[in-house]
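Position 87 (the sequence shown) corresponds to 653 in this note's numbering; numbering is contiguous. Each residue gets a CB set at the ideal place from its N, CA and C atoms; glycine is no exception. What follows is one structure encoded as structure tokens, with my remarks underneath.
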Amino acid sequence: MEILIFGAGAIGAFYGSRLAFNKNVNVSVVCRSNYQAVKTAGFSITSQQFGNYEWSPARTFANASEARKAGLNWDYVIVSTKALPDVSDDSQLLAGLISERTAIVLIQNGIGIEEPYARRFPRAVILSAVTITSAAQPKHGSIQHHRWTKINFGAYPGDSQQATSKNNLLIDLLSKVGVDDASAFPAQKLQLLRWHKVAINAAFNPSSVLSYETDNPSMVHDADMYEHMKGVIDEVLGVALKLTGLPLPKDFATPQQILDSAKKSPKGSFPSMLGDWKRNQKMELEVILGNPIKLGREKGLDMPRLQTMYALLKTAQATREQRSESRL
Numbered sequence: 567m568e569i570l571i572f573g574a575g576a577i578g579a580f581y582g583s584r585l586a587f588n589k590n591v592n593v594s595v596v597c598r599s600n601y602q603a604v605k606t607a608g609f610s611i612t613s614q615q616f617g618n619y620e621w622s623p624a625r626t627f628a629n630a631s632e633a634r635k636a637g638l639n640w641d642y643v644i645v646s647t648k649a650l651p652d653v654s655d656d657s658q659l660l661a662g663l664i665s666e667r668t669a670i671v672l673i674q675n676g677i678g679i680e681e682p683y684a685r686r687f688p689r690a691v692i693l694s695a696v697t698i699t700s701a702a703q704p705k706h707g708s709i710q711h712h713r714w715t716k717i718n719f720g721a722y723p724g725d726s727q728q729a730t731s732k733n734n735l736l737i738d739l740l741s742k743v744g745v746d747d748a749s750a751f752p753a754q755k756l757q758l759l760r761w762h763k764v765a766i767n768a769a770f771n772p773s774s775v776l777s778y779e780t781d782n783p784s785m786v787h788d789a790d791m792y793e794h795m796k797g798v799i800d801e802v803l804g805v806a807l808k809l810t811g812l813p814l815p816k817d818f819a820t821p822q823q824i825l826d827s828a829k830k831s832p833k834g835s836f837p838s839m840l841g842d843w844k845r846n847q848k849m850e851l852e853v854i855l856g857n858p859i860k861l862g863r864e865k866g867l868d869m870p871r872l873q874t875m876y877a878l879l880k881t882a883q884a885t886r887e888q889r890s891e892s893r894l
């Protein structure tokens with residue numbers, strides 16, 4: 567079996583390293599900024615759950631063009647890049663890599679991430695995935711797996727026999743190597759799960775940036791911030807339930823459970839968007855804020871809290887870019 571990880575950052579490299587423990591499975595990677603380090607020495611993974619180990623991918627490519635030249639028929643292409651539709655359409659990079667046997671797996675944050683791939687590859691199996699795994703890459707090629715392995719998969723746009731087969735096989739491969747909380751959701755429930763995670767991301771990520779780099783536990787321990795963040799989560803979930811027509815499943819955390827859990831986070835736990843802001847990198851504003859607002863409005867559902875944060879952060883990002891360009 568041939569698996570390609572497209573965008574081998576912390577999440578992609580972690581899951582790729584686990585899948586590689588399966589016999590007769592080759593896991594290759596397309597790297598970006600960490601290419602030279604991974605090409606030279608592979609990945610070094612530290613994990614409280616799995617211990618410390620080294621992983622050298624079957625092949626390490628610098629870009630999609632190199633992967634295409636390998637001439638392989640991939641069974642899975644797992645996309646774990648940051649979703650930035652306002653910057654580029656990454657689906658075009660997969661051209662020439664997708665065959666009839668290939669399933670595209672999207673392990674990315676946000677709403678509406680599947681559409682570009684569905685338009686470009688209308689006959690391909692697309693699996694949408696949501697994970698809460700906590701992992702980081704403090705330096706190129708060094709992966710720190712902090713906690714959790716939970717990941718859920720579902721077909722997009724709807725369930726089919728072929729998608730179910732691909733879904734179950736991938737879950738089986740992960741289960742065999744210790745990721746025992748990988749599971750399959752029906753397509754509609756998986757989309758609600760996406761909205762559920764977006765509700766969390768929309769509350770914590772923008773709030774940390776806009777509150778001048780406040781960490782997660784500090785935000786939820788402040789009464790005013792707690793009220794604000796619960797309002798955001800309630801607002802997003804309210805729209806999500808109306809759009810999907812589903813009730814909140816019993817196995818999904820309630821807004822209060824989400825915030826109470828964050829109170830137990832260690833001091834200095836920050837959401838990923840703050841890291842992007844501090845590194846002067848593009849933030850995932852469209853898939854976490856912009857797309858949910860747009861989809862809600864199409865059904866006559868407004869999200870004023872989300873709209874306010876979106877407008878402020880989009881303007882802040884654009885202003886900083888303009889000022890940076892003016893200094894050149």
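8 angstroms contact criterion, which residue i and residue j should meet: CB distance rounded
i: GLN710; j: GLY575; result: Wrong, their Cβ atoms sit about 12 angstroms apart, outside the cutoff.
i: ASP652; j: PRO682; result: Incorrect: roughly 12 angstroms between the Cβ atoms, too far for contact.
i: SER777; j: MET791; result: 7 angstroms
i: VAL696; j: LEU756; result: 7 angstroms
i: LEU825; j: ALA768; result: 13 angstroms between Cβ atoms; not a contact.
i: LEU663; j: ALA701; result: The pair is not a contact, with the Cβ atoms about 25 angstroms apart (cut-off 8 angstroms).
i: PRO783; j: SER726; result: No, PRO783 and SER726 are not in contact; Cβ-Cβ is about 43 angstroms, not under 8 angstroms.
Nearest neighbour of residue i, chosen from the options [CA to CA]
i: PRO813; options: TYR722, MET785, ASP788, HIS762; result: HIS762
i: MET849; options: THR881, SER831, GLN823, LEU825; result: THR881
i: ASP781; options: GLU801, SER838, ALA695; result: SER838
i: HIS787; options: GLU864, LYS589, ASP747, ALA828; result: ALA828
i: GLY797; options: ALA690, THR668, ALA765; result: ALA765
i: ALA661; options: VAL643, HIS794, LEU650; result: VAL643
i: GLN883; options: ASN857, VAL853, ASP842, ARG893; result: ASP842
i: GLU779; options: GLY811, LEU840, GLY678; result: LEU840
i: ASN846; options: LEU861, ILE824, GLY856, VAL775; result: VAL775
i: VAL745; options: ARG584, LEU855, ILE571, GLY578; result: ARG584
i: VAL596; options: GLU620, LEU659, ILE611, ASN618; result: LEU659
i: GLN822; options: LEU803, PRO832, HIS712, THR810; result: LEU803
i: LYS589; options: ALA624, ILE611, ALA579, ALA789; result: ALA624
i: ASN675; options: ILE577, PRO832, ASP826, LEU879; result: ILE577
i: LEU650; options: ALA636, VAL853, SER773; result: VAL853
i: GLU620; options: ARG598, PHE587, ARG634, ALA636; result: PHE587
i: ILE799; options: PRO772, ALA669, LYS816, GLY811; result: PRO772
i: LEU861; options: SER890, THR810, ALA603; result: THR810
i: PHE572; options: THR626, PRO752, ALA690, PRO815; result: THR626
i: GLN728; options: ILE670, LYS742, GLU632; result: ILE670
i: LEU758; options: ALA789, THR730, MET785, LYS816; result: LYS816
i: MET785; options: ALA636, LEU894, THR820, PRO832; result: PRO832
Local Cβ density within 10 Å of residue i, reported as buried at 16 or more and exposed below that
i: TRP714; result: exposed
i: VAL645; result: buried
i: GLU680; result: buried
i: LYS844; result: exposed
i: TYR581; result: buried
i: SER594; result: buried
i: GLU793; result: exposed
i: THR647; result: buried
i: SER613; result: buried
i: LYS732; result: buried
i: LEU672; result: buried
i: LEU872; result: buried
i: GLU801; result: buried
i: SER694; result: buried
i: THR668; result: buried
i: ARG760; result: buried
i: LEU570; result: buried
i: THR885; result: exposed
i: ALA789; result: exposed
i: ALA636; result: exposed
Neighbourhood of residue i by C-beta, 7 angstroms cutoff - its chain only, sequence neighbours within 5 removed
i: LEU867; result: VAL805, LYS808
i: ILE698; result: TRP714, LYS716
i: ALA684; result: ILE692, TYR722, PRO723
i: SER622; result: GLY608
i: SER657; result: PRO682, TYR683, ARG686
i: THR874; result: none
Same chain only: Cβ atoms within 6 angstroms of residue i, ignoring 5 sequence neighbours per side
i: GLU568; result: ASN592, LEU638, TRP640, ASP641
i: ALA628; result: TYR601
i: LEU740; result: ALA748
i: GLY678; result: ASN857
i: PHE818; result: HIS762
i: ALA753; result: GLY720, ALA721, GLY724, ASP725
Cβ shell of residue i (< 8 angstroms), same chain only, five flanking positions each side left out
i: ILE737; result: PHE719, ALA748, SER749, ALA750
i: ASN600; result: ALA574, GLY575, GLN703, HIS706, GLY707
i: PHE616; result: ARG584, HIS711, GLY744
i: LEU851; result: ASP652, TYR876, LEU879, LYS880, GLN883
i: MET869; result: GLU801, VAL802, VAL805, PRO858, ILE859, GLY862
i: GLU666; result: ARG689
Proximity test, Cβ basis, 9 angstroms: residue i and chain B
i: ASN782; result: Note that chain B does not occur in the displayed structure, where there is just one protein chain.
Give the list of continuous beta strand (DSSP E) stretches no shorter than 3 residues that lie fully inside the segment 574 to 619. 592 to 596, 609 to 613
Length at least 4, wholly inside the segment 720 to 788: the alpha helix (DSSP H) runs in chain order: For the alpha helix (DSSP H) assignment, the uninterrupted runs of no fewer than 4 residues enclosed by the segment 720 to 788 are, from N- to C-terminal side, 727 to 742, 753 to 776, 782 to 787.
Enumerate, from N- to C-terminal direction, the unbroken alpha helix (DSSP H) stretches of 4 or more residues contained entirely within the segment 778 to 839. 782 to 787, 789 to 810, 821 to 829
Mind listing, in chain order, the continuous alpha helix (DSSP H) runs of no fewer than 4 residues lying wholly within the segment 833 to 881? Every unbroken stretch of the alpha helix (DSSP H) spanning 4 or more residues and falling wholly within the segment 833 to 881 is given here in chain order: 838 to 844, 857 to 864.
Would you mind listing the beta strand (DSSP E) stretches within the segment 614 to 679 that are 3+ residues and don't spill past its ends, in chain order? Along the length of the segment 614 to 679, whole beta strand (DSSP E) runs at least 3 residues long occupy 617 to 621, 642 to 645, 669 to 673, reported in chain order.
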